[in-house]
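Everything on this sheet refers to the single structure shown next.
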Ligand SMILES: [Zn+2]
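Numbering (my numbering), first residue to last: 23 to 96.
In structure tokens:
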């Protein structure tokens, strides 16, 4: 499985529905995105995922922390 947000193949099955086997939740080990199998294709399909919200794995280490963490008080 490919992560819809970062296109990595580092996806794990996080949990399945406790009754009826009707949904699964997946989690990406690269960008920490998680999604439920029953969400719409614009969330679950890497091709249809909004390109404005895509993440490049190589850029993750340099992403800003939002909100910024202030300096410790002295
Ligand atoms: Zn990802």
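Beta carbons are placed, not taken as given, at the ideal position from N, Cα and C, and that holds for glycine.
| Item | Value |
| --- | --- |
| If you check the beta carbons only, do residue 54 and residue 32 fall under 7 angstroms apart? | no |
| For residue 109, collect the residues of the same chain with a Cβ closer than 8 angstroms to its Cβ; drop the 5 residues on either side in sequence, then sort them by chain order. | Residue 109 falls outside the range modelled here, since the chain spans only 23 to 96, and no answer is possible. |
| From this set, 90, 36, 47, 82, which residue's C-alpha is nearest residue 66's C-alpha? | 47 |
| For ligand 1, list every residue whose C-beta falls under 6 angstroms from any of its heavy atoms, going in chain order. | 25, 27, 28, 30, 50, 52, 53, 55 |
| Assuming contact is defined by CB atoms lying nearer than 7 angstroms, are residue 62 and residue 56 in contact in what I supplied? | no |
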